[in-house]
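Peer 1:
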Amino acid sequence: MSNRQKTYAACAGCGTEFARPLPWSARCPGCGRFLNVAAKMANANGRADRGVAGFSLLRVGKALILFFAVLIGFIFFATTSGPDASGKPAATTPAAAAVTPDPAHRQREAEAQRLRATEVAECPDGEMATQTAHGNVPVNALAVAGRFNSLRFAYNPALAPESVPEARLAGIISAAAQAWSACGIRGEFVGTTQDMSGAANTFVVQWYNSEGVPIAGYRKGTTIYLNAGHYQTMRAHSEVYAQDVMQRLISHEMGHAFGLVEHSARCVDVMATEDSFDKCDRDPAAPRTIRDTDKLFFVKQQAFPTACDIKRCRLINGLAAPAPGA
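Numbering (this note's numbering), first residue to last: 233 to 558.
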């Protein structure tokens with residue numbers, strides 16, 4: 233019989249096929265052998281099933297190979313740089329543009345860095361302007377030169393975050409005190425202390441915890457407070473960023489201790505505040521407004537006092553003559 237769907241069994245001896253079910257013990261009418269019908273049925277049907285399954289797997293395999301070949305080709309074409317079909321250079325992807333700034337951007341950055349270096353090192357008379365938050369206070373109201381010939385700064389690490397080594401903060405305080413010595417009043421770091429507040433010409437730098445308060449710290453009397461919660465928030469951005477903010481903060485608050493009550497209007501000065509950050513005044517008659525795209529280069533305070541910070545400090549303390557070695 234040619235239709236295998238109707239074949240129930242076939243004789244292994246003579247090949248006679250049967251189109252109806254036969255009992256297990258049936259004999260072939262052609263040769264008389266026992267047919268073992270179940271085994272022959274499984275054998276015949278198994279060969280047919282394997283043939284169909286093999287054909288199906290082959291088709292699926294070919295389809296998968298074709299799919300991956302097309303996918304790889306598409307990815308290669310999309311990511312390969314070089315001329316396109318029209319002979320024009322391939323367009324720069326947004327990611328590549330972010331990594332490689334355009335020439336105009338690089339030029340603005342270079343000019344900004346040069347201007348910033350000039351502002352830090354020089355202080356023409358027209359750039360001595362300050363903000364007016366304490367305009368009613370006489371300019372020399374907090375002068376310290378007549379009372380002390382030095383200011384001492386100690387560090388109380390009692391409430392410091394675990395991520396802040398004692399030596400690191402001590403180094404930041406010492407560096408700020410040394411920088412302010414250019415004012416003409418010696419600043420010195422005198423080590424750690426358990427005192428919670430200072431007295432006379434000794435200031436204590438210590439921590440407090442106020443999470444969620446957007447202020448890095450402040451000075452009150454003879455104590456400089458550092459916000460531990462705010463430090464941890466900045467540290468989540470990066471450790472380097474958090475340390476940089478601490479250096480600027482401590483240098484800024486020390487400036488108040490040296491007698492600088494008012495804040496600077498120049499954004500690069502360490503005595504500037506966020507109120508200064510929308511513009512950097514080179515001269516009150518011609519304020520230079522900063523574009524948002526350029527604020528990255530301009531708005532950041534120096535970590536240490538600039539020429540104007542020192543000049544203002546010396547004037548307040550009656551030390552108008554240039555600092556020794558200046």
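Note that beta-carbon positions come from the ideal geometry of N, C-alpha and C, so glycine has one too.
Output yes or no for whether 9 Å exceeds the beta carbon distance between M478 and Y457.
Peer 2: The answer is no: Cβ separation not under 9 Å.
Peer 1: Can you check which of these residues, T505, A460, H495, is closest to E394 by C-alpha distance?
Peer 2: Closest by alpha carbon: A460.
Peer 1: Taking the straight line between their C-alpha atoms, what separation do you get for H488 and R451?
Peer 2: Taking the straight line from one Cα to the other gives about 8 Å.
Peer 1: By Cβ distance, which residues of its chain are closer than 7 Å to A342, with the 5 residues on each side in sequence left out?
Peer 2: Same-chain partners within the cutoff: there are none.
Peer 1: Using a Cβ-Cβ cutoff of less than 6 Å, which residues in the same chain neighbour E398 once the five nearest sequence positions on both sides are dropped?
Peer 2: Cβ within range, chain order: P389.
Peer 1: Roughly how many whole angstroms lie between the Cα atoms of G403 and V472?
Peer 2: If I take the Cα positions, the gap works out to 15 Å.
Peer 1: At what residue ranges does the region 439-515 contain a whole run of the alpha helix (DSSP H), taking only runs of 4 or more?
Peer 2: Complete alpha helix (DSSP H) runs here, min 4: 460-469, 471-489.
Peer 1: With DSSP as the reference, identify every bridge partner of R418, one or two as the case may be.
Peer 2: Answer is S382, bridged to R418.
Peer 1: To which residues of the same chain is A271 closer than 8 Å at the C-beta, ignoring the five residues directly before and after it?
Peer 2: Low confidence applies to A271: its pLDDT is 44, below 50, so where it sits in the model is not reliable, and the reading given next is rough at best. Within the same chain, A271 has no close Cβ partners at all.
Peer 1: Whose C-alpha, out of W412, R384, G416, T454, is nearest the C-alpha of G378?
Peer 2: Of the listed residues, the one whose Cα sits closest to G378 is G416.
Peer 1: Look at the Cβ atom of R384, then the Cβ atom of E420, and state whether they are nearer than 9 Å.
Peer 2: Result yes, Cβ atoms of R384 and E420 sit closer than 9 Å.
Peer 1: What do you get for K543, buried or exposed, if any count of 16 or more other CB atoms within 10 angstroms of its CB means buried?
Peer 2: Classification for K543: buried.
Peer 1: Within its chain, find whatever has a CB closer than 6 Å to the CB of G367; leave out the 5 residues flanking it on each side and keep chain order.
Peer 2: Residue confidence for G367 is low, a pLDDT of 44 falling below 50, so the modelled location carries little weight; the figure read from the coordinates is stated next. So the list is empty, once near-sequence residues are dropped.
Peer 1: Give the DSSP bridge partners of A431, in chain order.
Peer 2: DSSP output for A431 lists T434 as bridge partner(s).
Peer 1: Return yes when the Cβ of G430 is within less than 9 Å of the Cβ of A386, no when it is not.
Peer 2: It is a contact, given that the beta carbons lie within the stated cut-off.
Peer 1: To the nearest angstrom, how far is the alpha carbon of Q534 from that of C355?
Peer 2: Answer to the nearest angstrom: the Cα atoms are 14 Å apart.
Peer 1: Give me the residue from V302, A344, M486 with the minimum Cα distance to Q410.
Peer 2: Ranking the options by Cα distance to Q410, first place goes to M486.
Peer 1: Return the CA-CA distance between V436 and C545, expressed in angstroms with no decimal places.
Peer 2: Near 21 Å, if we compare the C-alpha coordinates of C545 and V436.
Peer 1: What's the gap between the Cα of G453 and the Cα of T434?
Peer 2: Their backbone Cα atoms lie some 10 Å apart in a straight line.
Peer 1: In angstroms with no decimal places, state the Cα-to-Cα distance between G610 and Q339.
Peer 2: Since the displayed the chain opens at 233 and closes at 558, residue 610 lies outside it and no answer follows.
Peer 1: When you compare the CB positions of D501 and D541, do they come within less than 9 Å of one another, or not?
Peer 2: Yes, these two residues count as a Cβ contact at 9 Å.
Peer 1: Can you tell me which residues form a DSSP beta bridge with T424?
Peer 2: Answer is Y387, bridged to T424.
Peer 1: Near D427, which residues of its chain fall below 6 Å by C-beta distance, leaving aside the five closest residues on each side in sequence?
Peer 2: Excluding positions up to five away in sequence, the list reads V436.
Peer 1: Under 9 Å between the Cβ atoms of A539 and V352?
Peer 2: A contact, by the Cβ cut-off of 9 Å.
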